[in-house]
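Asks:
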Amino acid sequence: MAKKNKIKDDKSGVALKTVSTVFVGLFALICLVPFILIVSASFSNESIIMKEGFGLLPKGFTFDAYKWVFLSPKQIMGSYAVTIIMTLAGTVVGLFVIAMTGFCLQRRDFHFRNQLSFFIYFTTLFSAGMAPSYIWVSRYLGLKGSYLAVFLQLLMTPWLIILMKNFAKSVPFEIVESGKIDGAGDFRIFYQLVLPMLKPALATVGLFLALGYWNEWYLSSLYLGSSVDFKPLQYYLYSIINQAAALKGSVAGANVDVSNLPSNTLKMATAVVATGPIIFLYPFVQRYFISGITIGAVKG
């Protein structure tokens, strides 16, 4: 009887697993369709797209949109280099600073944790606004026209600090005490004992930091403009779209056929160019979201 029940349970488990796999696969396919439409439209002819709309396959296959994007190869490569360097450096430095801040704010023996937490929480509720921030960064710090104006402002955010603090609460305080008993300093305790236990938090916060640096364009438009040789990638692509739209608008009333000038297809091509490289970041952090980690045991 027990054997029959076991066989029955195995069959129900296989059926449930099959249904779940099919359902998740269909849902993933539905999520993938918009990206396929973007890629397809980026290789389509502008006039055909305007008449027939988008499709899963390119209509009137052409590289016109990508020719506009890579019209100046030196500029696009320089923009890629600037964005990649800022993303890598900002993610590494930001992770280290945010992890230290979050860990300190949840330690029982840190006497000023409540006061500092208040200042961090306060900035999530009230903001000085764009004008004071611009005056502070450009006039008093003298960073206008410098990449640091963008780099430093994205390095830490209150929300990521709060997120890291909540993750750090799962680290038993007894580990800190055991490190002190063994004669380790605070930095060594943080680096060798605590940091390895924060891998899921580091992956999560690091992903948010990387996406923030990679997708940034607004601060670049405020503080960089034309004062740098190579603009960050998103701002450079934004400028290309504006230039194409301005050109199309300037010749539209001059009895010139502008149907083949890329506008919609250019937007899709820039989306592919900007999104493609960052997709490769997900496989490296995905396993931390799926499997998680068991925080180490404390000896009694």
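Heads up: the sequence shown at position 197 corresponds to 455 in this note's numbering, and the numbers run straight through without jumps. Beta carbons are placed, not taken as given, at the ideal position from N, Cα and C, and that holds for glycine. All figures in this text were calculated on a predicted structure; none of them were measured in a lab.
Just to confirm my understanding: we take F377, look at its own chain, exclude 5 residues before and 5 after, and list those with CB closer than 7 Å. What are they?
Replies: Counting only Cβ-Cβ distances below 7 Å, and skipping sequence neighbours, we find nothing.
Asks: Short of 6 Å in beta carbon distance, which residues of its chain neighbour Y324, apart from the five on each side in sequence? Order them along the chain.
Replies: Same-chain partners within the cutoff: A527.
Asks: Based on Cα-Cα distance, which residue from V530, Y398, I536 and I499 lies nearest to L465?
Replies: The shortest Cα separation from L465 among V530, Y398, I536 and I499 belongs to I536.
Asks: Expressed to the nearest angstrom, what Euclidean distance is found between the alpha-carbon atoms of S316 and S300?
Replies: The sequence as given places Pro at residue 316; Ser does not occur at that position. Whole-angstrom Cα-Cα distance: 8 Å.
Asks: From A461 to I433, what does the alpha carbon distance come to, in whole angstroms?
Replies: So the alpha carbons of these two residues sit roughly 22 Å apart.
Asks: Just to confirm before moving on: does the CB-CB distance between Y496 and W472 stay below 8 Å?
Replies: Contact: no.
Asks: Buried or exposed: where does Q569 fall if 16 or more other Cβ atoms within 10 Å of its Cβ makes it buried?
Replies: Since the first residue shown for the chain is 259 and the last is 558, residue 569 is missing from the structure and cannot be characterised.
Asks: Alpha carbon to alpha carbon, how far is V463 from Q411?
Replies: Cα-Cα distance, rounded: 16 Å.
Asks: By how many angstroms is the C-alpha of G443 removed from the C-alpha of F560?
Replies: Here the chain has residues from 259 to 558 only, and residue 560 is not among them.
Asks: Would D322 pass as a contact of P454 if the rule is Cβ separation under 8 Å?
Replies: No. Outside cutoff.
Asks: I need the DSSP call for T552, collapsed to helix, strand or coil.
Replies: For T552, the pLDDT reaches just 38, beneath the cut-off of 50, and the residue's location in the model is therefore unreliable, although a value from the coordinates is still provided. Three-state DSSP puts T552 in coil, outside helix and strand.
Asks: Measuring alpha carbon to alpha carbon, tell me which residue in S479, W326, T276 and L418 is nearest I498.
Replies: Considering only alpha carbons, the answer is W326.
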